[in-house]
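*Asks:* Handing you a structure now.
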């Protein structure tokens, strides 16, 4: 099967030049042309010709959104400002009362201390200029009927993490209101959390337009004729690089089809062709969670 690329579709050289400028000016990441070439070498002509696969893969990479440390810091400031505004308006608090009200606000991450939520909490505390005594582990919240609980996360796309583990536990403690602050959220996740009485604040709301292969995908707005080819490429290779036992699918967890990641990790909702390291050279490696010692493949030789 040969792909009839539109005449104005960029060449491999064009896209590599665009990526070089994006990496240098926007992403500011230690990612070289050689790293991209290693990733492109994964595409060996099993679906289309090697040249066609590389062009489709590069197009997807050109549409990838990478959140650098400075991006994350900026978005933490935005989240805090949006939260304070909502908190003041919702509770009819005078501006001169906000500082005193902070003693009733408890900030916590979603997940365990070793997960990305804990890392994000560190950035959030710095950017919001809050004292450390306002931050707590989810299991160590001491609240009363005047308390506002604020959970912080980087992305909620299905609403499962918050609903499944943490907000259910709120039934056992006293509080006035609970917030979920997240950099990225979907309408589905927001609705799930709202059903539990959680107030959701996010910086970016994603929908079907952000999914790579939806009919209204922004990635293929200019070149809709290439959508089905690109989906086949991602699906066929993605199906071969999912580690056994992983919750991810060839197009990402719950068929996410997303194209974004943070400097500290890549969500599994994103296309696995970007992050999988199972028989694959990733361009944005994902650091999978090890839930227990049985999942750890420890090699002492590398420390000797």
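In the numbering used here, the protein residues as written are 1 to 304.
From the three backbone atoms N, C-alpha and C, an ideal C-beta is built for every residue, glycine too.
Within this structure, are the beta carbons of residue 259 and residue 64 separated by less than 7 Å?
*Replies:* Mapped onto the chain shown, residue 259 falls at position 259. Mapped onto the chain shown, residue 64 falls at position 64. Their beta carbons are under 7 Å apart, which means residue 259 touches residue 64 by this criterion.
*Asks:* Assuming residue 108 and residue 149 are in contact, meaning their beta carbons sit under 8 Å apart, how far apart are those beta carbons, in whole angstroms?
*Replies:* As a working mapping, residue 108 is identified with position 108 in the chain shown. As a working mapping, residue 149 is identified with position 149 in the chain shown. Under the criterion of beta carbons closer than 8 Å, residue 108 and residue 149 qualify as touching, at roughly 7 Å.
*Asks:* Within a Cβ cutoff of 6 Å, which residues of the same chain sit near residue 236, ignoring the five residues on either side of it in sequence?
*Replies:* Here residue 236 corresponds to residue number 236 of the chain shown, with the count starting at 1. Contacts found: 47.
*Asks:* Could you name each continuous alpha helix (DSSP H) segment of 4 residues or more that falls completely within the region 81 to 121, going from the start of the chain to the end?
*Replies:* Secondary structure remark: continuous alpha helix (DSSP H) runs of at least 4 residues inside the region 81 to 121, in chain order: 98 to 101.
*Asks:* Do residue 262 and residue 154 have their CB atoms nearer than 7 Å?
*Replies:* Stepping through the chain shown from its first residue, residue 262 is reached at position 262. Stepping through the chain shown from its first residue, residue 154 is reached at position 154. Yes. Within cutoff.
*Asks:* DSSP on residue 265, reduced to helix/strand/coil?
*Replies:* As a position in the chain shown, residue 265 is number 265, starting the count at 1. Residue 265 carries a strand assignment under DSSP once its states are collapsed to helix, strand and coil.
*Asks:* I'd like to confirm the pairing. Which residues does DSSP put opposite residue 154 in its beta bridges?
*Replies:* Translated into positions along the chain shown, residue 154 becomes position 154. Paired residues: none, contrary to the question.
*Asks:* Note the first and the last residue of the continuous alpha helix (DSSP H) segment covering residue 147.
*Replies:* Within the chain shown, residue 147 is the residue found at index 147, counting from 1. Counting along the chain, residue 147 falls outside any alpha helix (DSSP H), and DSSP gives it neither H nor E.
*Asks:* Looking only at its own chain, which residues have a Cβ that is under 6 Å from the Cβ of residue 17, when we skip the five neighbours before and after it?
*Replies:* Taking the chain shown and counting its residues from 1, one reaches residue 17 at position 17. Nothing meets the Cβ criterion.
*Asks:* Does the region 48 to 59 touch the region 96 to 110, meaning 3 or more C-beta pairs lie closer than 8 Å?
*Replies:* no
*Asks:* Can you tell me whether DSSP reads residue 212 as helix, strand or coil?
*Replies:* One-based indexing of the chain shown puts residue 212 at position 212. In this structure, residue 212 counts as coil in the three-state DSSP scheme.
*Asks:* What did DSSP end up calling residue 248 once you bin it into helix, strand or coil?
*Replies:* Position 248 of the chain shown, counted from the start, is the residue given in the question as residue 248. Coil, per DSSP.
*Asks:* Rank 212, 239, 241 by C-alpha distance to the C-alpha of residue 227 and give the top, closest one.
*Replies:* In the chain shown, counting from the first residue as 1, residue 227 sits at position 227. Checking every option, the nearest Cα to that of residue 227 belongs to 212.
*Asks:* Just checking, does the region 238 to 252 make contact with the region 64 to 82 on the three C-beta pairs under 8 Å criterion?
*Replies:* no
*Asks:* Per DSSP, what kind of secondary structure is residue 11 in: helix, strand or coil?
*Replies:* Counting from 1 along the chain shown, the entry for residue 11 is found at position 11. Of the three classes helix, strand and coil, the one that applies to residue 11 here is coil, per DSSP.
*Asks:* Residue range of the beta strand (DSSP E) that residue 206 falls in?
*Replies:* Within the chain shown, residue 206 is the residue found at index 206, counting from 1. First-last of the beta strand (DSSP E) with residue 206: 198 to 206.
*Asks:* Look up residue 66 in the DSSP assignment and give the residues it is bridged to.
*Replies:* Locating residue 66 in the chain shown gives position 66, counting from the first residue. Looking at the DSSP assignment, residue 66 forms a beta bridge with 261.
*Asks:* Using CA atoms only, rank isn't needed, just tell me which of 232, 145, 272 is closest to residue 1.
*Replies:* Along the chain shown, one-based indexing puts residue 1 at 1. Comparing Cα-Cα distances from residue 1 to each of 232, 145, 272, the minimum goes to 232.
*Asks:* Does any heavy atom of the ligand COA sit closer than 6 Å to the C-beta of residue 239?
*Replies:* No copy of the ligand COA occurs in the structure displayed, which carries no ligand at all.
*Asks:* Identify the residues that DSSP records as bridge partners of residue 178: which are they?
*Replies:* In the chain shown, residue 178 corresponds to position 178, counting from 1. The bridge partners DSSP lists for residue 178 are 149, 198.
*Asks:* Following the continuous alpha helix (DSSP H) through residue 272, name the residue where it begins and the one where it ends.
*Replies:* For the purposes of this step, residue 272 is taken as residue 272 along the chain shown, with counting starting at 1. Unbroken alpha helix (DSSP H) run through residue 272: 272 to 275.
*Asks:* Count the other CB atoms, across all protein chains shown, that sit within 10 Å of the CB of residue 297; report buried if there are 16 or more and exposed otherwise.
*Replies:* Against the chain shown, residue 297 aligns to sequence position 297. Only weak support is given to the placement of residue 297: the predicted model assigns it a pLDDT of 47, under 50, and the value that follows is read from those uncertain coordinates. By the 10 Å Cβ count, residue 297 comes out exposed.
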